[in-house]
Amino acid sequence: MTTWFLMLAVSFRTTDRVLTSVIWWCVVIWLGLVGGAVGSFLTVVWDRLGTGEGFVLPRSRCPECDRPIRWYHNVPVLGWLLLGGRCYDCGGRIPVKHPLTEALVGLIFILIGLMTPWL
Ligand SMILES: [Zn+2]
């Protein structure tokens with residue numbers, strides 16, 4: 006009986022540790038994604054400041070062919086990497102400042118999150 010209870014206690018501790026680890030990684034990934042999205046928005050502000058264009062609309066466009074960037078190509082950092090830094094439609098270069106800013110702000114969000122006592 007005691008052995009069974011100890012095995013159950015160890016099992017709960019292991020499950021608890023694994024669950025805590027999974028939640029921790031989910032929060033870190035979520036912080037990176039939110040930070041990446043904020044970084045993406047900041048590059049839009051950077052590009053459009055002083056041009057009279059809105060910061061939300063029109064949607065992100067290729068700087069070469071002016072076609073809208075599809076939502077699945079606009080995922081922070083990953084979209085740029087998957088397309089090799091080029092526009093899907095015309096092959097024009099997408100400036101490296103976009104993924105760099107997204108990665109930097111994502112990293113800042115993760116670091117701030119890790120410095121808070123709740124994580
Ligand atoms: Zn293009």
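Numbering of the sequence shown is given in the working numbering, commencing with residue 6 and proceeding in unit increments. No residue lacks a Cβ here, since even glycine has one placed at the ideal position from N, Cα and C.
query	result
For P122, the residue or residues it bridges with in DSSP	P122 pairs with nothing; no bridge assigned.
Closest residue to G37 among L119, P122, W123 and L112 (Cα-Cα distance)	L112
C-alpha gap between G84 and D21, whole angstroms	35 Å
Cutoff 8 Å; reference P63; Cβ partners in own chain excluding five residues on either side	P73
Where T56 falls, given that 16 or more other Cβ within 10 Å makes a residue buried	exposed
Cβ-heavy atom distance, R72 to ligand 1, below 7 Å	yes
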